[in-house]
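Engineer: Residue numbers for the sequence shown follow full-length UniProt numbering, so the first one is 1 and each next one is one higher. Quick one: the structure is below, and I'll ask about it shortly.
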Amino acid sequence: MNDKNYILSLDQFVEYFLLGSPARSTKAIPNLFAKVPTFKTERGMYDHFTFKFNKSKIFPGHKFVTTAWTSASNDPTGQAIDCGMYPAKFAPEESSTAAGDESRRTDWSRIDLCIECKLDSTSQDPFDEKKLDNSPEAVTRREVLGQILSYAELVFRHQQRQFHYMLLLFRECARIIYFDHSSMVVTEKIPYTTQGQELSEFLARYGRLKKPEFQGHDPTAVRIEKTDDPHDFHSLVRKYAENCLNNNAEDHAARLFRASLVDSWPIWRLQVYDEQTETEHWFAVGKPHFQASGVAGRGTRGYVALPLLLNKNGELSVPPLAKEGEPTKPFVYLKDAWRIDHPRLQKEGVVLQVLNAAKVKYVPTAVYHGDLGQACLSYTKWAALHGGQACKLKPHQHYRLIVKEIGKPLSEFDRGVSLVKAILHCLQAHEQACVAGYIHRDISASNILLCKSDDGKWHGLLNDWELAAKYVMGQPAAVNAELGDCPVLERTGTWQFLSVHCSNDNQRPVDIPDDLESLIHVLLCYAVRFLPHNIQDDVIGLFLYRYFDDYSKSYSVNTCGPAKYAAVQSGGIDLTLLTGGVAVPGKPNMKMKDLLKFYSSAATTTAASENGIAAPTPESHPLNSLIATIFQWFKAYYALDDPIPEVATDFLAIDRAAASAAQQEQPPAAPSSSTAITTGSGGGGSQETSAASDGVVAAGNPAQASGSDPMSKMTHSAFKSEIYRSVRYLKWPRGDKGKDKRPKDFVIPKKAAATPAAAPAPPAGGSGKMNSTKRKQKRGPGSNAKRRKSVK
Numbered sequence: 001m002n003d004k005n006y007i008l009s010l011d012q013f014v015e016y017f018l019l020g021s022p023a024r025s026t027k028a029i030p031n032l033f034a035k036v037p038t039f040k041t042e043r044g045m046y047d048h049f050t051f052k053f054n055k056s057k058i059f060p061g062h063k064f065v066t067t068a069w070t071s072a073s074n075d076p077t078g079q080a081i082d083c084g085m086y087p088a089k090f091a092p093e094e095s096s097t098a099a100g101d102e103s104r105r106t107d108w109s110r111i112d113l114c115i116e117c118k119l120d121s122t123s124q125d126p127f128d129e130k131k132l133d134n135s136p137e138a139v140t141r142r143e144v145l146g147q148i149l150s151y152a153e154l155v156f157r158h159q160q161r162q163f164h165y166m167l168l169l170f171r172e173c174a175r176i177i178y179f180d181h182s183s184m185v186v187t188e189k190i191p192y193t194t195q196g197q198e199l200s201e202f203l204a205r206y207g208r209l210k211k212p213e214f215q216g217h218d219p220t221a222v223r224i225e226k227t228d229d230p231h232d233f234h235s236l237v238r239k240y241a242e243n244c245l246n247n248n249a250e251d252h253a254a255r256l257f258r259a260s261l262v263d264s265w266p267i268w269r270l271q272v273y274d275e276q277t278e279t280e281h282w283f284a285v286g287k288p289h290f291q292a293s294g295v296a297g298r299g300t301r302g303y304v305a306l307p308l309l310l311n312k313n314g315e316l317s318v319p320p321l322a323k324e325g326e327p328t329k330p331f332v333y334l335k336d337a338w339r340i341d342h343p344r345l346q347k348e349g350v351v352l353q354v355l356n357a358a359k360v361k362y363v364p365t366a367v368y369h370g371d372l373g374q375a376c377l378s379y380t381k382w383a384a385l386h387g388g389q390a391c392k393l394k395p396h397q398h399y400r401l402i403v404k405e406i407g408k409p410l411s412e413f414d415r416g417v418s419l420v421k422a423i424l425h426c427l428q429a430h431e432q433a434c435v436a437g438y439i440h441r442d443i444s445a446s447n448i449l450l451c452k453s454d455d456g457k458w459h460g461l462l463n464d465w466e467l468a469a470k471y472v473m474g475q476p477a478a479v480n481a482e483l484g485d486c487p488v489l490e491r492t493g494t495w496q497f498l499s500v501h502c503s504n505d506n507q508r509p510v511d512i513p514d515d516l517e518s519l520i521h522v523l524l525c526y527a528v529r530f531l532p533h534n535i536q537d538d539v540i541g542l543f544l545y546r547y548f549d550d551y552s553k554s555y556s557v558n559t560c561g562p563a564k565y566a567a568v569q570s571g572g573i574d575l576t577l578l579t580g581g582v583a584v585p586g587k588p589n590m591k592m593k594d595l596l597k598f599y600s601s602a603a604t605t606t607a608a609s610e611n612g613i614a615a616p617t618p619e620s621h622p623l624n625s626l627i628a629t630i631f632q633w634f635k636a637y638y639a640l641d642d643p644i645p646e647v648a649t650d651f652l653a654i655d656r657a658a659a660s661a662a663q664q665e666q667p668p669a670a671p672s673s674s675t676a677i678t679t680g681s682g683g684g685g686s687q688e689t690s691a692a693s694d695g696v697v698a699a700g701n702p703a704q705a706s707g708s709d710p711m712s713k714m715t716h717s718a719f720k721s722e723i724y725r726s727v728r729y730l731k732w733p734r735g736d737k738g739k740d741k742r743p744k745d746f747v748i749p750k751k752a753a754a755t756p757a758a759a760p761a762p763p764a765g766g767s768g769k770m771n772s773t774k775r776k777q778k779r780g781p782g783s784n785a786k787r788r789k790s791v792k
């Protein structure tokens with residue numbers, strides 16, 4: 001997000017980004033920044049301003065609170081902002097530790113205006129107006145930028161917001177920052193000595209805004225407050241979930257909903273507008289089942305939701321239970337996202353309705369969907385502020401979707417064959433969707449779920465169709481791109497699972513072979529994480545990083561990581577650079593290539609036993625055959641990219657003939673029949689080609705040498721046949737799934753990658769935040785991992 005911001009004067013900021021009319025007041029607004037002392041510490045700053053703001057009495061219903069010492073109890077990041085403005089009745093209360101230290105906690109679910117204090121307005125300023133994108137280069141300044149981005153993310157994470165304001169105070173000046181899902185908008189530095197009164201008036205106007213939505217809150221979300229009444233709405237929602245579980249302890253949806261009702265997270269009523277029936281519907285939700293990181297972007301959240309009823313009095317109520325104790329309203333899945341708003345990019349609900357009408361299997365069933373009429377001001381105001389200058393921001397529209405199915409993560413598969421079957425189901429869904437007119441374009445681990453059928457069996461579900469594009473089977477990719485691709489999108493998909501082609505070309509239209517390749521990358525990821533194999537546990541994190549997260553630096557953009565690139569080029573997954581190779585029995589000074597191998601059980605390794613006899617190799621897993629076959633297809637397919645070399649000329653033979661002729665004082669002899677020569681110029685002449693020269697061409701293009709058609713393998717039918725054959729005819733073990741081997745706090749070691757670019761993968765809708773160096777309660781290896789998007 002730090003490369004998507006623009007800076008305005010205070011007057012412009014107030015005109016375009018301070019919404020609504022404040023409540024009237026006869027009380028004069030004092031200059032809160034008059035005679036500001038020369039601060040020596042940040043503690044002195046936030047104590048001074050908190051006291052002065054509260055003493056002014058110009059913020060009715062609000063209270064400024066200092067919370068620089070302790071983070072919120074429900075915040076695993078350990079962040080604590082200096083101070084903030086809260087609704088007075090929900091402001092954090094004063095507290096202290098047993099030693100007498102202040103310990104009032106930041107409440108990210110209640111804070112209205114974040115305030116951060118920094119002493120130095122140069123070395124700690126997160127914006128550099130001398131740069132085209134206003135992004136600083138100095139480490140300390142970038143750290144502050146990361147810090148305020150992480151604070152903004154926490155506000156958006158714990159609240160239902162359209163946008164948010166933050167006040168950044170320095171020793172002698174300030175900045176106001178506006179955040180939404182498209183950008184940051186920042187004021188120029190506001191000197192206290194010359195513009196202190198205007199800054200005071202902004203704060204007073206903000207505090208007096210009549211409606212919460214003018215302060216950035218979402219009017220289609222209502223917080224359900226907890227009271228002491230055992231029959232209040234909050235308690236009734238909890239009781240409904242508990243009764244459902246008491247009736248059926250195996251109710252997967254009820255169990256997930258009950259788990260989302262944690263004490264540290266608010267319960268909300270969310271409105272969903274259905275554009276098809278033009279009706280409004282309300283749902284109760286707790287903690288999100290899924291929540292994307294970062295502020296900029298779609299900000300997707302997924303909830304297990306309880307449908308609410310409208311009673312005779314026009315009030316919302318919790319649905320009753322049937323006499324048998326069964327729920328009268330089944331739980332549903334609610335997806336909340338700020339979708340990219342472009343006329344050539346379909347709403348996910350529209351796509352699902354088309355797929356449902358075509359009876360496509362293994363995709364979600366759309367119930368309701370519609371926009372909420374909320375857009376990003378930073379985008380909509382761009383033209384008025386920048387004239388004809390091209391807009392670098394993406395338009396976003398707040399959108400909610402209800403689907404029938406409530407799945408569980410793919411990581412909860414019970415055995416290896418179940419994982420492969422889930423991939424097969426998604427492959428079938430993808431093929432049927434393409435026939436129905438849409439291609440998915442964002443195959444990833446988090447977009448494949450396990451869902452229970454009516455017969456009680458679990459199957460794969462291809463989820464998240466928000467980036468789907470119109471597609472006509474049999475048409476070239478370029479033609480299909482004109483049907484539905486969106487020009488504001490670059491490198492559509494999730495980085496870790498992108499095809500090598502899409503990783504190397506951020507403008508490439510996604511085609512069927514790309515999504516098929518992504519499915520196999522997902523299969524490989526979960527197989528490495530949960531099945532037995534020959535990668536040692538202590539380097540699995542490094543393997544996952546190199547194959548899925550790593551990237552290379554090209555002239556202008558980031559491209560595919562070396563490990564994934566090598567795998568599709570060579571037709572296998574070579575671990576030699578990770579393990580050092582495999583020792584050759586009887587030849588201690590020799591090593592062979594070490595290729596990835598899966599085992600049916602994790603019983604033993606090939607290490608030598610105590611008596612010097614090598615332990616038996618574990619039984620090979622049937623997954624090896626499937627992966628080996630498909631990666632050989634990848635090899636032949638990517639060989640089509642190889643340039644066909646010019647026919648080789650045997651210069652040594654020519655030199656030998658010339659030398660012999662010179663000795664005999666005769667003209668040079670013609671080349672032998674085994675030599676291929678190209679003669680002539682300007683397109684004329686002739687070319688002779690022998691069997692030897694054919695070999696040169698074949699070596700340069702294995703696909704042509706084999707005489708096979710690689711494109712025939714990069715199809716739904718070929719993949720389905722191979723996976724079905726593997727599932728149907730190979731012997732699959734039952735107890736092959738183990739615990740997740742992915743380390744929780746993996747830190748990228750120095751020189752980890754095969755290239756110098758041992759840095760986090762480019763974010764795919766991820767967070768732009770950096771680590772904070774201030775008041776971060778939890779430090780250590782995990783903090784580094786937060787700067788990259790992990791393989792999910």
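Where is the CB? At the ideal position from N, CA and C, for every residue including glycine.
1) Along the chain, where does the alpha helix (DSSP H) that runs through W633 open and close?
2) Nearest to R546 by CA position, among D180, S518, I573 and L352, is which residue?
3) In three-state terms, what does DSSP make of Q159?
4) So the beta strand (DSSP E) G84 belongs to, where does it begin and stop?
5) Are the segment 163-171 and the segment 359-367 touching by the rule of at least three beta carbon pairs closer than 8 Å?
6) Ignore the nearest five residues each way along the sequence and tell me which others in residue 807's own chain have a CB closer than 6 Å to its CB.
7) Distance, Cα to Cα, K394 vs S182?
8) Just how far apart, CA to CA, sit Q160 and H217?
9) I believe C117 touches G84 by the beta-carbon criterion, under 8 Å. Please report the beta-carbon distance rounded to the nearest angstrom.
10) Are three or more beta carbon pairs between the segment 449-466 and the segment 416-431 nearer than 8 Å?
11) Would you be able to state if there are at least three C-beta pairs under 8 Å between the segment 129-147 and the segment 274-294?
12) In terms of residues, what are the limits of the beta strand (DSSP E) holding P307?
13) Helix or strand or just coil, what does DSSP make of A758?
14) Is Y240 helix, strand or coil by DSSP?
15) Classify A477 as helix, strand or coil using the three-state DSSP reduction.
16) So, with DSSP's three-state summary, where would you put K564?
17) Are at least three pairs of beta-carbons, each pair with one atom in the segment 337-345 and one in the segment 378-396, less than 8 Å apart?
18) If I'm right that L544 touches L575 with Cβ under 8 Å, what's the distance once you round it to whole angstroms?
19) Identify, in the order they occur along the chain, each residue of the same chain with its Cβ nearer than 7 Å to the Cβ of A567, setting aside the five sequence neighbours on each side.
20) Who are the near neighbours of residue 813 in its chain, counting only those whose CB is closer than 8 Å to its CB and skipping five residues on each side?
21) Near L256, which residues of its chain fall below 6 Å by C-beta distance, leaving aside the five closest residues on each side in sequence?
22) Which runs of the beta strand (DSSP E) fall wholly inside the segment 151-230 and span at least 3 residues, in chain order?
23) Counting only the same chain and skipping the five closest in sequence on each side, list residues whose C-beta sits under 6 Å from that of K408.
24) Which partner residues does W268 have in the DSSP bridge list?
25) Closest to S235 by C-alpha separation, out of P266, P343, D745 and T492, would be which residue?
26) Let's see if you can read the secondary structure: which residues bound the beta strand (DSSP E) around K519?
27) With a threshold of 16 other CB atoms inside 10 Å of the CB of K741, please say whether the residue is buried or exposed.
28) Closer than 7 Å by C-beta to V435: which residues in its own chain qualify, once you throw out the five before and the five after it? Chain order, please.
29) Answer yes or no: do V332 and K404 have a C-beta to C-beta separation smaller than 8 Å?
30) Roughly how far, in whole angstroms, is the beta-carbon of F283 from the beta-carbon of L306, given that I think they are within contact range, below 8 Å?
31) In terms of residue numbering, what span does the beta strand (DSSP E) encompassing H369 cover?
32) Closest to Q507 by C-alpha separation, out of V557, D414 and N463, would be which residue?
33) Please state the DSSP three-state secondary structure of M592.
34) Inspect the beta-carbon positions of T67 and R43 and report whether they are closer than 8 Å.
35) How about Y151 and D112: do their beta carbons lie closer than 8 Å?
36) Just to confirm the assignment, what range does the alpha helix (DSSP H) spanning F719 have?
Structural biologist: This is what the structure gives:
1) First-last of the alpha helix (DSSP H) with W633: L623 to A639.
2) The residue from D180, S518, I573 and L352 with its alpha-carbon nearest to that of R546 is I573.
3) Coil, per DSSP.
4) First-last of the beta strand (DSSP E) with G84: C83 to P87.
5) Contact between the segment 163-171 and the segment 359-367 is absent, with fewer than three C-beta pairs closer than 8 Å.
6) As shown, the chain starts at 1 and ends at 792. That puts residue 807 outside it, with no answer to give.
7) Approximately 6 Å, taken between the alpha carbons.
8) Those two C-alpha atoms are separated by around 6 Å.
9) C117 to G84, Cβ: 11 Å. No contact.
10) Segments in contact, yes.
11) Touching, no.
12) Counting along the chain, the unbroken beta strand (DSSP E) around P307 starts and ends at R301 to P307.
13) Caution applies to A758, whose pLDDT of 36 falls short of 50 and renders its modelled position unreliable; the model cannot decide the point.
14) Helix.
15) The answer is helix: DSSP assigns A477 an H, G or I state.
16) If DSSP states are grouped into helix, strand and coil, K564 belongs with the helices.
17) Three or more Cβ pairs drawn from the segment 337-345 and the segment 378-396 lie within less than 8 Å of each other, which places the two stretches in contact.
18) About 13 Å separates the two Cβ atoms, so there is no contact after all.
19) These residues qualify, in order along the chain: I573 and F631.
20) In the structure as shown, the chain begins at 1 and stops at 792. Residue 813 is therefore absent and cannot be evaluated.
21) Spatial neighbours of L256 in its own chain (CB-CB distance under 6 Å, excluding positions within 5 residues in sequence) are listed in chain order as V304.
22) The qualifying runs are 164-169, 173-179, 184-187 and 221-224.
23) Result list for K408: L450, in chain order.
24) The secondary-structure analysis by DSSP pairs W268 across a beta bridge with R223 and V285.
25) The shortest CA-to-CA distance from S235 to any of P266, P343, D745 and T492 is the one to P266.
26) The sequence given here has Leu at residue 519, not Lys. If you look at L519, you'll find it isn't in any beta strand (DSSP E); it sits in the alpha helix (DSSP H) that goes I512 to F530.
27) It is buried - the Cβ of K741 has at least 16 other Cβ atoms within 10 Å.
28) Here V435 has M473 as same chain residues with Cβ atoms under 7 Å from its own Cβ, once five neighbours each way along the sequence are excluded.
29) Yes; because the gap between Cβ atoms is below 8 Å, this pair is in contact.
30) Separation of the CB atoms of F283 and L306 is rounded to 6 Å, and the pair is thereby assigned contact status at 8 Å.
31) According to the DSSP assignment, H369 belongs to the beta strand (DSSP E) that extends over A366 to A375.
32) Ranking the options by Cα distance to Q507, first place goes to V557.
33) Collapsing the DSSP output to three states places M592 in a strand.
34) Not in contact: T67 and R43 (Cβ atoms no closer than 8 Å).
35) The beta carbons of Y151 and D112 sit no closer together than 8 Å.
36) It spans H716 to Y729 - the alpha helix (DSSP H) in which F719 sits, taken as one unbroken run.
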